[in-house]
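Before any comments, here is the structure.
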């Protein structure tokens, strides 16, 4: 819910601490509504026996109501305490991140203590900073470079809207029509990016930022261009970073081997990733793996969406950010580990389904997917297969597929 | 990747209606997901762009028979083109969707047809051309006549729809379902082994409990 503040909505609930002080919440209040009244004077009075019975029944009702209310009050109190506890631990975590970890990043980031804290989720206020550091800036992108790319993007938008077709010829191979289509698509997709948050749409506070980052990226990497799914990644970054830093993180994130393979839609390499995933799938969840095989449910069916958008479209946003936390630290391997965690979490349900229902389920995960359960499930996934780690399995498969390609080019696809 | 779900599909139990795979193809943002959502859930809303593929199912009654449509709703962006190829393999029907306010999307639909024909025999897959967004007819770039003529020249079914206004959406799917059943009966051979037997038993199959 941390995004609501940024969106400028005034819906912030009163701080729980205030509530505790008032303490009114925990007093049973509504029993006063239960009042036993005598029979109206114009009616004959109740016989004493009946009146006695009614009084007794009334008292029982009051006792029951009080009991219920007390129980409810206790439940609320517990809930509030839990919330306070969570807020306090977030508050403490913020202090630790700000005062201890961030100033000593290089030496501390891979320590046991930091890893544990990291797994529990990075507090929203330091999240952007930590992501930036963890993603790094291998590409050495400066704020100036972002400005240059953005200026070029803006030029293109202008020439597009004035109908000017004499676009410079320097990006040979990427036709003007292609580029035009992708600029159009960016516009269309921005309005469809987290529509429920109402902040990226035309007129919303983050619309221009999202437009800028995606536009600048198509100028920075015309060879990759805009690919659907990118708008979600950029949006998640914007929610946590300033525009230029979001652009730097965005470009570096997409430059990682797995993301490059997917966003270039490098078919062969995508297949290799899926094959590597299946190795760990079979290792961790052999029964479910067999069930998927029997039903011809291949990983592309669900993984394409999950990997392209880094779960930001398929999981609740808060939870997706927590996946990103560890993904920034552990790299692509964690994306596939998460996938296995999800499959494991729903193993029992999935084993009872046929192909189309599994496909439906996995491409539209339950909206109330519980974060703690998912992370507990992910934690049990072993990313080791016959003593080989993810990267080793992937490299071996890549080598195989390259050799196969050489041997019989017709098998490609 | 996505295996062809063509030949015997073991996943439907004999007591269930025959399943047909229908794939939605077309440019980005022409309304593929909206058509599916309108048809399956009678809903219209701001839909997130489809990445990869989304899935829907619906059981359709055609006269006394019924069939199950498994709808594969593909991503529209050009870049995903090669991925979509995986999805239309094994399809029994395809809806080529375009946006009547975007000429390019109409041309793209024609391109999809060529791609389909490269991989599937025309007898194998039933194709319908669908011009969506009739609610925006002031901005129309493709006339009804153009759509119809192209469809006729290629022997495709054709309809114009509005997912937004719920205009002719269920008609599209019903027409496809009806044609699928007719073709199937003509061939006297269902796309799935045991399901075909079930059909020949007529309505009685509903009462039989032999799921597993």
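Residue numbers (the numbering used here), protein chains in the order written: chain U, 1060 to 1472; chain E, 287 to 498.
Yeah, the Cβ is synthetic: ideal placement off N, Cα and C, and Gly gets one too.
Need the endpoints of the alpha helix (DSSP H) that residue 1216 of chain U sits in, please. 1202-1220
Check whether chain U comes within 8 Å of residue 452 of chain E, counting only Cβ atoms and requiring the distance to be less than that. no
Specify the secondary structure class of residue 312 of chain E as computed by DSSP and reduced to three states. strand
Please report the distance separating the alpha-carbon of residue 1378 of chain U from that of residue 1124 of chain U. 39 Å
Secondary structure of residue 323 of chain E, DSSP reduced to three states: helix
Against chain E, does residue 1254 of chain U count as a neighbour if the rule is that its beta carbon must be under 8 Å from one of theirs? yes
Quick check: the Cα distance between residue 1459 of chain U and residue 1355 of chain U, rounded to an integer number of angstroms? 23 Å
At the 8 Å Cβ level, is residue 327 of chain E part of the contact set with chain U, yes or no? no
To be precise: take each residue of the segment 1346-1379 of chain U, compare its Cβ to all Cβ atoms of chain E, and keep it if any distance is under 7 Å. Which residues remain? 1354, 1355, 1357, 1359, 1360, 1363, 1364, 1367, 1368, 1372
Would you give the residue range spanned by the beta strand (DSSP E) that residue 384 of chain E belongs to? 379-385
For residue 445 of chain E, which three-state DSSP category applies? strand
Given this structure, state the Cα-to-Cα distance separating residue 1490 of chain U from residue 1415 of chain U, to the nearest angstrom. Nothing can be reported for residue 1490 of chain U: it is not among the residues displayed for chain U, which extend from 1060 to 1472.
Less than 8 Å between CB atoms is the rule here; does residue 368 of chain E satisfy it with respect to chain U? yes
Reducing DSSP to helix, strand and coil, say where residue 418 of chain E ends up. strand
For residue 395 of chain E versus residue 382 of chain E, is the C-beta distance shorter than 8 Å? yes
Where the beta strand (DSSP E) containing residue 347 of chain E begins and where it ends: 339-348
In three-state terms, what does DSSP make of residue 1100 of chain U? coil
According to the neighbour-count rule (16 or more other Cβ atoms, all chains shown, within 10 Å of its Cβ), is residue 1145 of chain U buried or exposed? exposed
Cβ shell of residue 452 of chain E (< 8 Å), same chain only, five flanking positions each side left out: 324, 328, 330
Check each candidate in U/1338, U/1403, U/1343, U/1342 and name the one with the smallest Cα separation from residue 1454 of chain U. U/1338
Quick check: the Cα distance between residue 1439 of chain U and residue 1403 of chain U, rounded to an integer number of angstroms? 9 Å
Using the Cβ count rule (16 or more neighbours within 10 Å means buried), how would you classify residue 360 of chain E? buried
Are the C-beta atoms of residue 476 of chain E and some chain U residue less than 8 Å apart? In this predicted model, residue 476 of chain E has a pLDDT of only 48, less than 50, meaning its place in the structure is not dependable enough to derive any value.
Just to make sure I have the definition right: I need the residues of chain U whose C-beta is within less than 7 Å of the C-beta of residue 365 of chain E. Which are they? 1286, 1324
Along the beta strand (DSSP E) that carries residue 357 of chain E, what are the first and last residues, could you check? 351-360
Give the DSSP bridge partners of residue 305 of chain E, in chain order. E/354
At least 3 beta-carbon pairs within less than 8 Å: the segment 1195-1211 of chain U vs the segment 1303-1310 of chain U: yes
Following a CB-centred definition, is residue 1464 of chain U positioned closer than 7 Å to any heavy atom of the ligand NAD? For the structure depicted, the ligand NAD is absent and the ligand set is empty, with no information on it obtainable.
What does residue 1248 of chain U touch in chain E if you count any residue whose Cβ is under 7 Å from its own? 335
Using a cut-off of 8 Å between C-beta atoms, extract the partners of residue 1240 of chain U located in chain E. 364, 390
Residue 1166 of chain U classed as buried or exposed, judged by whether at least 16 other C-beta atoms fall within 10 angstroms: exposed
Tell me, please, whether the CB atom of residue 1418 of chain U is closer than 8 Å to any CB atom in chain E? yes
Under 9 Å from the C-beta of residue 312 of chain E: neighbouring residues of chain U: What residue 312 of chain E touches in chain U: nothing, since even the nearest Cβ is about 13 Å away.
Buried or exposed: residue 1229 of chain U, going by 16 or more other Cβ atoms within 10 Å of its Cβ? Any reading at residue 1229 of chain U needs caution, since the residue's pLDDT is 46, under 50, leaving its predicted position unreliable; the model's value is listed next. Residue 1229 of chain U comes out exposed.
Using a Cβ-Cβ cut-off of 8 Å, state whether residue 1394 of chain U counts as contacting chain E. no
In angstroms with no decimal places, state the Cα-to-Cα distance between residue 354 of chain E and residue 442 of chain E. 22 Å
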